[in-house]
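K.L.:
Please find one structure pasted underneath; my questions will follow.
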Amino acid sequence: MADIPSGLLEACVVVGAANDKLREVHQSHQQGKIKELPLLGAEVLQVHAPPFVTKESASSETNGHAPAFSRVQRRRSFIKKKKERAGIANGETAKSSDGGGTTTEDISVPKDLDLIALPQLCFPGGLQIASEQREDSYHYLVFTDVFGNRTHAVVVQYYRPIQDVGHQNGHPSSSKSSRLYTAYGICVISKYPYYNALRDCLSCLLTQLKPSWMGDFEERVKEFSAKLALVPIPPPGQLHVVFNLRPLQIGLPSREDKDRPAVDLDLHLPFLCFRPRQLLQIITSLLIEQRVVLLSCDWARLTLLAESLMLFIHPLVWQHPFVPILSRQMLDFLMAPTAYLMGCHLHHYEEVAAETDDLILVNIDDGTVSSSWSDGIDLPDVPLAAAECFITRVEGLQVHYDLEVCHLGDSTEVNARRAQRKQWQSKLNTHIQNITLELIVNIFREVHDHLNYEHRVFNSEEFLRSRETADQPFYKKVLDTHIFHSFLRDRLTRKMDAFTRMELSTRTEAYRLRSMTESPRRPTMQELARKYTSPESRLSKRLGASLPNLGESGGSLVGPLRQTSFKNIQVDSGMKSPQRPVRFFKLPEFPPPLAYHYVQNYYQEMITLLGKAISGVASGDSSLLARYHYLRGFVNTVAGKRLDALEDFQNLYKTDTDIFPGELVNALVDSLQEGEQALADRRPEIKHLISRVKRDHERERERHVDEGVKRFQLPKKHMQLEDFVRHVQESGIVKDQGTIHRLFEALTVGQQKQVDPEIFRVFYTFWKETEAEAQEVALPASALEHLEANECVFKLSSSVKTSHGVGKIAMTQRRLFLLTEGRPGYMEVTKFRDIEEVKISSAPFLLLRIPSLKIKTTLRKETFEVNLKSEVDLWHLMVKEMWAGRKMADDHKDPQYMQQALTNALLMDAVVGCLQSQKAIFAATKLAHFDRMKLEVPLMVPKSTSETLKHKINPSLGLTSPQAVDVLLYTPGQLGVSSDSEGDGNPKLWCALSDGKVVVFDAASWSMQQNQVQVGTSRVNCMLGVDRQQVWIGSQDSVIYIISTRSMSCNKQLTDHRSEVTGLSLGECSEKYSPKVAYSCSAEGAVIVWDVSTLQVRKQFRVSCDRLQSVQLCNGTLWCCARDCIMEVWKNGMLHRKISLPEQLCGSPTAFSSLLLYHEREQLWTACIDVGELCVWHLREPTKPFQRIQLPDCAGVTCLIKVKNQIWVGGRGWSSGKSRGKIYVVDAQRHTVEKELVAHTDCVQALCSAEDRYVLSGAAREDGKIAIWKVE
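Note that my numbering gives residue 1110 to position 1095 of the sequence shown, counting from 1, and the numbers run on in steps of one.
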């Protein structure tokens, strides 16, 4: 069985000088033989580690569980010398019956606890005998095992007097000679970094030890250790654990999330020691993996500063040796050749600097950063914009507590004062973590733009090339580090951690619009305007929070909008996420911790208190409820109540799956005994949990844990089509497989179908050089004034003669224009949508004919002619492709056509540039995709479609191929939602793609709000907006996933269905205060009624049918649509009426596909999978349809929705002799087809209404687009 969950204590070790050494020093001092008190060697005197009590010790048979929060499997023996009476301090002698006085005791200790090095670390400066009482001194330790797992410790050194040994019966001697004092180190070790809490625990222990005799010393320490072993660790979130350890109340703060450690130290200490620029130097040293040595006269500062630095670089994780404290005997560790972060005493500074090269020396006491090889420090600067933002933030920090509370009175109660100070510290820590996280986000914000997720490739060269020149030295060093490689792995797995959340929340509107395109990277006019001019008219307006005016041109979505300056990033929005109120669970008073039955009663009392807390949680506070269930599950685990523990963990599916302890639950399942297994089989929810955990565990074992990260490299051998596709996608040039296939054809024209690596290298180099040249385009102010803010110059000709003078022809995604020479000026040639004709001609020049390009437009009578000479064939192809793409984009209201045409044109340019042969132009014609489509099959859009279609969006943007749109859901906006709150108030469009991907669009701008929310790995069958806070998603894997509309995260699941969930519906609210209910159904006929607020099952029943597909509520009864029938069912599950397939369809292999309840007219509309008609039934007498509506050229219907007085029907049919996705708009009163809409190349699979103003349709895989239609 895996480790039982660990409590606060891993072990408690007492370290000090051996008694015989103390006796010797004491006697020599009394006799005047020593003038200077010596340093003594420390050794382990006591080790206390759980388990402290077992059931066996209570003379009972084993119950197979650990009696305290302990890791009972990972242990080894420690042979400790044992005295009959312990110690000689406080005048106590040590004698045994035989005069020798020593025996041995075998103690079980944690396996990874190094007892050999521990005494040195407890007394890193040596154990000093003192002639007077000294203050207690605390310091902190960190141990790291070979797997990188860290264990934390707090050590207190406190002094006790050494008395003359010549006294009897433990009474102090009456000797009047001067006293000596020896130090004892008590080291509390924990798996968790609770530095402040453990320090406070030791303070409480000292209040008991100081007045006690040494004979009670070991027993008191053991009892103290046993108490701490009973303390559970709080789960991630807002629930903290507190307990009394007289005279103080100790608090254990929880982790903010599962990916962060608990923060129980004062994070402002580094800001008291260093100026912001020095802190940036230290952070840089860590990011580029230098050998860093911290130095201070105070041992405590070393670990606290080192741990703070680790938190400052989160989510990057230090991968190298981490030893914040080195004793005198360990200084040779500094000779290690690898990167490290270590610390030692300041008086070793000169020695360390002289003996070791290439060190970054951080003097904490003086606040300086230097190097061991020179007077200065040769570190690259943090990127300027990120550094300036960090410095500004730090200067606004208030790090002085006294200034915060100077207007308050002092509390007379010590715990009240401590609570006040902790509250201030917690807020400050949160602020500091946000500042440092913002720094990391600003440094690495654009990394994801250069990742290829499909092939796990990072294009480091392209990323470096896109950095500012002054910032490149920093990135060149960072990109080669282990710490950055680990960071990349997390990005490639799309990890939703603190970095990702802040990066998403601080994206600018321009950046989000850019995510709607796939343009090659070019500077926009907005960015060029920053260089040369910034007229106020260039300021972009934020899109409104209502539905967009789709009558305006959708061209604003075309073209990249790249964020190049961090100065414009409004980081505040990412730093104001609302903090849930902190709750505290107070543990019961500790029992006598060394008696088994008392410990078991203590667990039972804790379980009872947690049960009361669970019942008292306010309705809707599922996050807090999850934390209580998590904590009670842990307590039940260690109390041996495995089934109760599994039930608690099962409840996490409905409350917060983010904190589900998969490894622990799997261990519990494996440890179930036969009797427990039989009981589990009788409890359906636990039986289902067990089967699911085992299934998930098997999948996890089969899954490759670390697929690594590849850097993009040019190919070294000939490439067939499959290899060519992979290399092009890895390069970041283009992702779409269809486009890459055409590029392959172009590069292999007239030869064997494989691409030479040299050709690929030249092609790639040409593409990148063209991209770099575009960065240097200098446009006059007159040009900037005429162009849109997001336009980019993608192609610039050489200097040529035109019918309007000499200059260069420039191409953006919207137009062609002439940059005149001599006096720089701008003259628009044409917008692509205004072109009438493009042809190659020739212009006379002396006795020669110069090839020229003639462009005729609708806005000018005269034809524009440009003598492009050898470039004319290429420009002819490019302009025609852009023209064809613009026309298709306008006809189909789909800006992506223009985007694809632009990519095709630029690929033509690169192909011609790399081939440099007579066949180059012919090869480029292989990429003239839209121009060929226009010539081969003129795609005329029917008038009704053109008038009704307003816009198209692509949910598969960024993927290598289109994905089927399985389900669509529109959720309305929320007025009055504060911009400071998590999420926003805009309406949203939810789009379910294949394999559990859900893409969310802001329906105010149709910009992609978030790349995807992953809900399992199976197909999504249905979605439901239950309320403004949650969306329910029914999956083929039998789970209902619940997404929070505020956080856009999926952390709840309903797992009660046993087969795929096919339908979801909201119940009717019969009374004002009646609880809201929702209905769900699964394929085998199960129907479950849910209480929306508690997520509890209120009722469930089963109907007999062939694949139940959907449920709807109407006038108190439930209508169920199955393949073979439609049933009206009472709310108790009793069948009321059943409708079979219409007579004319009974013999065919078809089946019902959907139903629609028209409440106002008391009608039922049905459709079938392979039949092009609708059937209308009376709800009162649904014996046979009273109306059958034929749908012209329809091959089958997949979905129906009602919008105003219309029925919108989605399916498939024929248009112009081809199979297409079709939408029929049917008049609900006259039962006639009003419109026949054709805008998808594949079957329409999903329809939804946006407030009855627009209808949105989604198509199957071949098309994969979403069309937005105006409702009349």
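Even for Gly, the Cβ is constructed at its ideal location relative to N, Cα and C.
State yes or no: is the C-beta of Ser1033 within less than 8 Å of the C-beta of Gln1051?
P.N.:
The sequence position of residue 1033 within the sequence shown is 1018, counting from 1. The sequence position of residue 1051 within the sequence shown is 1036, counting from 1. Going by C-beta atoms, Ser1033 is nearer than 8 Å to Gln1051.
K.L.:
Report the start-end ranges of each alpha helix (DSSP H) in the stretch 1153-1209 that is 4 residues or longer and not cut off at the edges.
P.N.:
Complete alpha helix (DSSP H) runs here, min 4: none at all.
K.L.:
Check for me: the alpha helix (DSSP H) holding Cys11 runs from which residue to which?
P.N.:
Residue 11 falls outside the range modelled here, since the chain spans only 16 to 1287, and no answer is possible.
K.L.:
Would you decide whether Leu1079 is buried or exposed? Buried here means 16 or more other CB atoms lie within 10 Å of its CB.
P.N.:
On the sequence shown, residue 1079 is found 1064 positions in, with the first residue counted as 1. Buried is the call here.
K.L.:
Do you know whose CA, among Glu1287, Asp1121, Lys1067, Ile1141, lies nearest Asp636's CA?
P.N.:
Locating residue 636 in the sequence shown gives position 621, counting from the first residue. It is Lys1067 whose Cα lies nearest to the Cα of Asp636.
K.L.:
Pair every Cβ in the stretch 808-825 with every Cβ in the stretch 834-843, then say whether three or more of these pairs are closer than 8 Å.
P.N.:
Verdict: yes, contact present.
K.L.:
Beta-carbon separation of His703 and Leu667 under 8 Å?
P.N.:
One-based indexing of the sequence shown puts residue 703 at position 688. One-based indexing of the sequence shown puts residue 667 at position 652. Not closer than 8 Å, so no.
K.L.:
Any idea which residues DSSP pairs Trp1223 with across the strands?
P.N.:
For the purposes of this step, residue 1223 is taken as residue 1208 along the sequence shown, with counting starting at 1. Bridge partners of Trp1223: Ile1216, Val1240.
K.L.:
Out of curiosity, what's the CA-to-CA distance linking Val15 and His733?
P.N.:
Not covered by the structure: residue 15. The range shown for the chain is 16 to 1287.
K.L.:
Exposed or buried, which one is Ala633 when buried takes at least 16 other CB atoms within 10 Å?
P.N.:
Reading the sequence shown from its first residue, position 618 is the one you call residue 633. Classification of Ala633: exposed, given that the 10 Å Cβ count is below 16.
K.L.:
Leaving aside the five residues before and after Tyr1288 along the sequence, list all residues of the same chain whose C-beta is less than 7 Å from its C-beta, in chain order.
P.N.:
Limits of the chain in this structure are 16 at one end and 1287 at the other, which puts residue 1288 out of reach.
K.L.:
When the distance is taken between beta carbons, is Ile204 closer than 8 Å to Glu25?
P.N.:
If you number the sequence shown from 1, residue 25 lands on position 10. If you number the sequence shown from 1, residue 204 lands on position 189. Yes, Cβ-Cβ distance for Glu25 and Ile204 is below 8 Å.
K.L.:
Let's test the definition: count the other Cβ atoms within 10 Å of the Cβ of His283 and tell me whether it reaches 16, buried, or not, exposed.
P.N.:
On the sequence shown, position 268 is the one that residue 283 refers to. Buried, because 16 or more other Cβ atoms sit within 10 Å of the Cβ of His283.
K.L.:
Mind checking whether Cys421 and Glu453 have CB atoms under 8 Å apart?
P.N.:
Looking up residue 421 in the sequence shown gives position 406. Looking up residue 453 in the sequence shown gives position 438. No, Cβ-Cβ distance for Cys421 and Glu453 is not below 8 Å.
K.L.:
Which of helix, strand or coil does DSSP assign to Met229?
P.N.:
Counting from one through the sequence shown, the residue named residue 229 turns up at place 214. In this structure, Met229 counts as helix in the three-state DSSP scheme.
K.L.:
In three-state terms, what does DSSP make of Asn805?
P.N.:
Working through the sequence shown from its first residue, we reach residue 805 at position 790. Note: Asn805 maps to coil in three-state DSSP.
K.L.:
With burial defined as no fewer than 16 other Cβ atoms inside 10 Å of the residue's Cβ, what is the status of Ala513: buried or exposed?
P.N.:
The sequence position of residue 513 within the sequence shown is 498, counting from 1. By the neighbour-count rule (16 or more Cβ atoms within 10 Å), Ala513 is buried.
K.L.:
Exposed or buried, Asp380, counting other C-beta atoms within 10 Å across all chains shown (16 or more means buried)?
P.N.:
Locating residue 380 in the sequence shown gives position 365, where the first residue counts as 1. Exposed is the call here.
K.L.:
DSSP state of Asp1267, grouped into three classes?
P.N.:
Here residue 1267 refers to the residue found at position 1252 when the sequence shown is read from its first residue. Coil at Asp1267, not helix or strand.
K.L.:
Pull up the distance between the alpha-carbon of Cys1120 and that of Glu1099, whole angstroms please.
P.N.:
By one-based count along the sequence shown, residue 1120 stands at place 1105. By one-based count along the sequence shown, residue 1099 stands at place 1084. Answer to the nearest angstrom: the Cα atoms are 8 Å apart.
K.L.:
Determine the direct distance from the alpha carbon of Asn211 to that of Ala1282, and round the result to whole angstroms.
P.N.:
As a first step, residue 1282 is located in the sequence shown; it is residue number 1267 there, counting from the start. As a first step, residue 211 is located in the sequence shown; it is residue number 196 there, counting from the start. Straight-line Cα distance between these residues: approximately 58 Å.
K.L.:
Given a cut-off of 8 Å on the beta-carbon distance, is the pair Val28 and Cys202 in contact?
P.N.:
Residue 28 sits at position 13 when you count from the first residue of the sequence shown. Residue 202 sits at position 187 when you count from the first residue of the sequence shown. Their beta carbons are under 8 Å apart, which means Val28 touches Cys202 by this criterion.
K.L.:
Roughly how far, in whole angstroms, is the beta-carbon of Lys225 from the beta-carbon of Ser21, given that I think they are within contact range, below 8 Å?
P.N.:
As a working mapping, residue 225 is identified with position 210 in the sequence shown. As a working mapping, residue 21 is identified with position 6 in the sequence shown. About 30 Å separates the two Cβ atoms, so there is no contact after all.
K.L.:
Within this structure, are the beta carbons of Leu1123 and Cys1096 separated by less than 8 Å?
P.N.:
Sequence index remark: in the sequence shown, residue 1123 carries index 1108 (1-based). Sequence index remark: in the sequence shown, residue 1096 carries index 1081 (1-based). Yes, Cβ-Cβ distance for Leu1123 and Cys1096 is below 8 Å.
K.L.:
Cα-Cα, which of Ala761, Lys1153, Lys941 is closest to Trp1192?
P.N.:
What you label residue 1192 is simply residue 1177 of the sequence shown in a count that begins at 1. The residue with the shortest Cα to Cα distance from Trp1192 is Lys1153.
K.L.:
Residues in the same chain with beta-carbon distance under 7 Å from Thr1188, minus the five sequence neighbours each way, listed in chain order, please.
P.N.:
Counting from 1 along the sequence shown, the entry for residue 1188 is found at position 1173. The question names Thr, but residue 1188 is Glu in the sequence shown. So the list reads Arg1203, Ile1204, Gln1205, Leu1206, once near-sequence residues are dropped.
K.L.:
Looking at the structure shown, is Pro593 part of a helix, part of a strand, or coil, going by DSSP?
P.N.:
Here residue 593 refers to the residue found at position 578 of the sequence shown. Only weak support is given to the placement of Pro593: the predicted model assigns it a pLDDT of 49, under 50, and the value that follows is read from those uncertain coordinates. Coil at Pro593, not helix or strand.
K.L.:
Using a Cβ-Cβ cut-off of 8 Å (strictly less than) and excluding sequence neighbours within five positions of Glu410, which residues of its own chain qualify?
P.N.:
By one-based count along the sequence shown, residue 410 stands at place 395. Excluding residues within five positions, the ones whose Cβ falls inside 8 Å are Pro291.
K.L.:
When the Cα atoms are used, what is the spatial distance from Val729 to Arg776?
P.N.:
Start at 1 with the first residue of the sequence shown, and residue 729 comes out as number 714. Start at 1 with the first residue of the sequence shown, and residue 776 comes out as number 761. Note that residue 729 is Leu in the sequence shown, not Val. Leu729 and Arg776: Cα-Cα distance of roughly 7 Å.
K.L.:
Could you spell out where the beta strand (DSSP E) holding Phe1116 opens and where it closes?
P.N.:
Along the sequence shown, one-based indexing puts residue 1116 at 1101. Looking at the DSSP string, the run of the beta strand (DSSP E) that includes Phe1116 is 1111-1117.
K.L.:
Name the DSSP bridge partner or partners of Tyr985?
P.N.:
To locate residue 985, count along the sequence shown from 1; it is residue 970. Beta-bridge pairing links Tyr985 to Leu1004.
K.L.:
Using a Cβ-Cβ distance cut-off of 8 Å, determine whether Ala925 contacts chain B.
P.N.:
No chain B appears in this structure, which consists of one protein chain only.
K.L.:
Taking only the alpha-carbon atoms, compute the straight-line gap between Gln914 and Asn444 and give it to the nearest angstrom.
P.N.:
What you label residue 914 is simply residue 899 of the sequence shown in a count that begins at 1. What you label residue 444 is simply residue 429 of the sequence shown in a count that begins at 1. C-alpha separation (whole angstroms): 46 Å.
K.L.:
At the level of alpha carbons, what is the spacing between Arg757 and Lys783?
P.N.:
Along the sequence shown, one-based indexing puts residue 757 at 742. Along the sequence shown, one-based indexing puts residue 783 at 768. Going from the Cα of Arg757 to the Cα of Lys783 covers about 20 Å.
K.L.:
For Ser188, count the other beta carbons within 10 Å of its own beta carbon; 16 or more makes it buried, fewer makes it exposed. Which is it?
P.N.:
Counted from its first residue, the sequence shown places residue 188 at position 173. A caution first: Ser188 carries a pLDDT of 46, below 50, which makes its placement in the model unreliable, though a value can still be read off. By the 10 Å Cβ count, Ser188 comes out exposed.
K.L.:
Can you list, in chain order, the residues of its chain with a C-beta nearer than 8 Å to that of Phe162? Leave out the 5 residues immediately preceding and following it.
P.N.:
Residue mapping note: residue 162 aligns to position 147 of the sequence shown, counting from 1. Excluding residues within five positions, none has a Cβ falling inside 8 Å.
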